[in-house]
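**Q** Handing you this structure, nothing more for now.
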Amino acid sequence: MSADESAHGHDGHDTHHGHHGHGHNTELDWGVLADQLETAGELQLPVLRDTAARLRDLLGPRHEVRRVFDVGSGPGVMTCVLAEEFGDAEVVAVDGTQALLDRALARADGLGLGGRVAVRLAELSDGLGDGLGTADLIWSSKAVHHLGDQQGALDALAGALRPGGVLAVAEGGLPMRFLPRDIGIGRPGFQSRLDAVGEDWFATMRAELPGSSAVVEDWPAMLRRAGLVDATSFTTLLDLPAPLSTPARAYLHAHLTRLRDGMSAALPPEDLTTLDALLAPAAPASLLTRPDAFLLAATTTFTATRPT
């Protein structure tokens, strides 16, 4: 599960909204989930704005950006950041869940961006759908790893680029950190053990995807195989020190609640007890009140360009 993938995905690796269009979460309450996803995105706003500015620099002044896709857009936080950064462009939010696209449109309208933000209901597993056309910049965060054929997904995204256009894919990074090594309850190193459980969960999730194929996740090499050039990467850091704000605490509480629901069978009893103490609202160790909780997350974005 990811920080911005806030409902599903790989929490250990994702730091902002991952994807919602892979079709495995129809039981989720998207009305509740959309709020969580938007809150997560808003916590990331400084990082997302920095990322958008870096993408503008990468495209350079000679490339006029008239159309941008946000593939796996969720409730549209990054969609709107891209619309603000690229003031002359139409920005299209692409996602597999209509409720999240509705939220993206509402957010754009509230920010005065509605005239330049459009939405498209489409599953990345089906490419970008018919009639969507091409773009000068395609952004996709934590969506590709939810497709069995990751190389095929990159090929489809690269195929929708205009000459000179840039594909930017946020994948990987570092596991999120939010507590000290020794938190005063349970055995020290609790988060590292959560990471190990998350790695196993992620490997199982990948293996069970339709059409899953193993690939060395060398993202620059995968982008080059998709026919792109000048593959590179940059990493952005979300650094929210202790004491955390109420929204950040609520985000972490929701994050651990999802982990508790999805991975508890793999945790040893001692760690499960620790997790329950962190989640109990009135407990002294609760994430909602403890003064040492922080939020530190590094996200890596891989980019490459379609030859002119």
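Heads up, the sequence shown is in my numbering, so the first residue is 37 and it goes up one at a time. The beta carbon of each residue, even a glycine, is placed where N, CA and C say it ideally should be.
In its own chain, which residues sit with a C-beta less than 6 Å from the C-beta of A204, not counting the 5 before and 5 after it?
**A** Stepping through the sequence shown from its first residue, residue 204 is reached at position 168. If we look at A204 and ignore the five residues flanking it on each side, its Cβ neighbours are L91, W175, T337 and T339.
**Q** For L315, which residues from the same chain have a beta carbon less than 8 Å from its beta carbon, with the 5 sequence-adjacent residues on both sides left out?
**A** Residue mapping note: residue 315 aligns to position 279 of the sequence shown, counting from 1. So the qualifying residues of the chain are H289, L292, T293, R296, S322 and L323.
**Q** Helix, strand or coil for A204? Go by DSSP, reduced to three states.
**A** Translated into positions along the sequence shown, residue 204 becomes position 168. Looking at A204 - three-state DSSP - the assignment turns out to be strand.
**Q** Any contact between the region 88-104 and the region 118-130? By contact I mean 3 or more CB pairs, one from each, below 8 Å.
**A** Yes: at least three Cβ pairs fall under 8 Å.
**Q** In chain order, what residues of the same chain lie with their CB nearer than 8 Å to the CB of A171, ignoring the 5 residues before and after it?
**A** By one-based count along the sequence shown, residue 171 stands at place 135. So the qualifying residues of the chain are R103, V104, F105, V128, A196, L197, R198 and G201.
**Q** Thinking C-alpha only, which one of G188, G169 and L164 is nearest A250?
**A** Here the question's residue 250 lines up with position 214 in the sequence shown. Residue G188 is the option with its Cα nearest to A250.
**Q** Can you tell me whether D218 is helix, strand or coil according to DSSP?
**A** For the purposes of this step, residue 218 is taken as the residue at position 182 of the sequence shown. Looking at D218 - three-state DSSP - the assignment turns out to be coil, as it is neither helix nor strand.
**Q** With a cut-off of 8 Å on the beta carbons, I'd call A262 and A194 a contact; round off their distance for me.
**A** In the sequence shown, residue 262 corresponds to position 226, counting from 1. In the sequence shown, residue 194 corresponds to position 158, counting from 1. Confirmed, about 4 Å.
**Q** Measuring only the C-alpha atoms, how far is G234 from M299?
**A** Within the sequence shown, numbered from 1, the residue matching residue 234 stands at position 198. Within the sequence shown, numbered from 1, the residue matching residue 299 stands at position 263. C-alpha separation (whole angstroms): 8 Å.
**Q** Per DSSP, which one or two residues make a beta bridge with T337?
**A** For the purposes of this step, residue 337 is taken as residue 301 along the sequence shown, with counting starting at 1. T337 pairs with A206 and F270.
**Q** On the CB-based measure, 16 or more other CB atoms within 10 Å of its CB, does D124 come out buried or exposed?
**A** The count along the sequence shown starts at 1 and reaches residue 124 at position 88. When all chains shown are included, D124 counts as exposed.
**Q** Helix, strand or coil: how does DSSP classify A257 here?
**A** For the purposes of this step, residue 257 is identified with residue 221 of the sequence shown, where counting begins at 1. Helix at A257.
**Q** Could you give the DSSP three-state label for L136: helix, strand or coil?
**A** For the purposes of this step, residue 136 is taken as residue 100 along the sequence shown, with counting starting at 1. Looking at L136 - three-state DSSP - the assignment turns out to be helix.
**Q** Expressed to the nearest angstrom, what Euclidean distance is found between the alpha-carbon atoms of P378 and T344?
**A** Since the first residue shown for the chain is 37 and the last is 344, residue 378 is missing from the structure and cannot be characterised.
**Q** For R217 versus P211, is the C-beta spacing smaller than 8 Å?
**A** Stepping through the sequence shown from its first residue, residue 217 is reached at position 181. Stepping through the sequence shown from its first residue, residue 211 is reached at position 175. Cβ atoms of R217 and P211: not closer than 8 Å.
**Q** Can you tell me the Cα-Cα spacing of L331 and L274, whole angstroms?
**A** Counting from one through the sequence shown, the residue named residue 331 turns up at place 295. Counting from one through the sequence shown, the residue named residue 274 turns up at place 238. Taking the straight line joining both Cα atoms gives about 7 Å.
**Q** Determine the contact status of A140 and S177, defining contact as a CB-CB distance below 8 Å.
**A** Taking the sequence shown and counting its residues from 1, the one referred to as residue 140 is at position 104. Taking the sequence shown and counting its residues from 1, the one referred to as residue 177 is at position 141. No. Outside cutoff.
**Q** Could you tell me the alpha carbon to alpha carbon distance between P279 and P327, rounded to whole angstroms?
**A** Start at 1 with the first residue of the sequence shown, and residue 279 comes out as number 243. Start at 1 with the first residue of the sequence shown, and residue 327 comes out as number 291. For P279 and P327, the distance between alpha carbons rounds to 5 Å.
**Q** Could you tell me the alpha carbon to alpha carbon distance between T335 and P305, rounded to whole angstroms?
**A** Reading the sequence shown from its first residue, position 299 is the one you call residue 335. Reading the sequence shown from its first residue, position 269 is the one you call residue 305. When rounded, the distance between both Cα atoms is 31 Å.
**Q** What residue range does the beta strand (DSSP E) around A194 cover?
**A** Against the sequence shown, residue 194 aligns to sequence position 158. It is not in any beta strand (DSSP E) - A194 instead sits in the alpha helix (DSSP H) that spans Q186 to G195.
**Q** In the DSSP assignment, find the unbroken alpha helix (DSSP H) run with R242 in it and report its ends.
**A** Working through the sequence shown from its first residue, we reach residue 242 at position 206. First-last of the alpha helix (DSSP H) with R242: F226 to E244.
**Q** Which class does D328 belong to by DSSP, given the choice of helix, strand or coil?
**A** Taking the first residue of the sequence shown as 1, we reach residue 328 at position 292. Residue state, collapsed to three classes: coil.
**Q** What residue does the beta strand (DSSP E) around A278 start on, and which one ends it?
**A** Mapped onto the sequence shown, residue 278 falls at position 242. Per DSSP, A278 belongs to no beta strand (DSSP E) and is neither H nor E.
**Q** I need the boundaries of the alpha helix (DSSP H) containing R103, first residue and last residue.
**A** In the sequence shown, residue 103 corresponds to position 67, counting from 1. Where R103 is concerned, there is no enclosing alpha helix (DSSP H), although the beta strand (DSSP E) it sits in stretches over R103 to V107.
**Q** Near A144, which residues of its chain fall below 6 Å by C-beta distance, leaving aside the five closest residues on each side in sequence?
**A** Stepping through the sequence shown from its first residue, residue 144 is reached at position 108. Hits under 6 Å: C116, G150 and V153.
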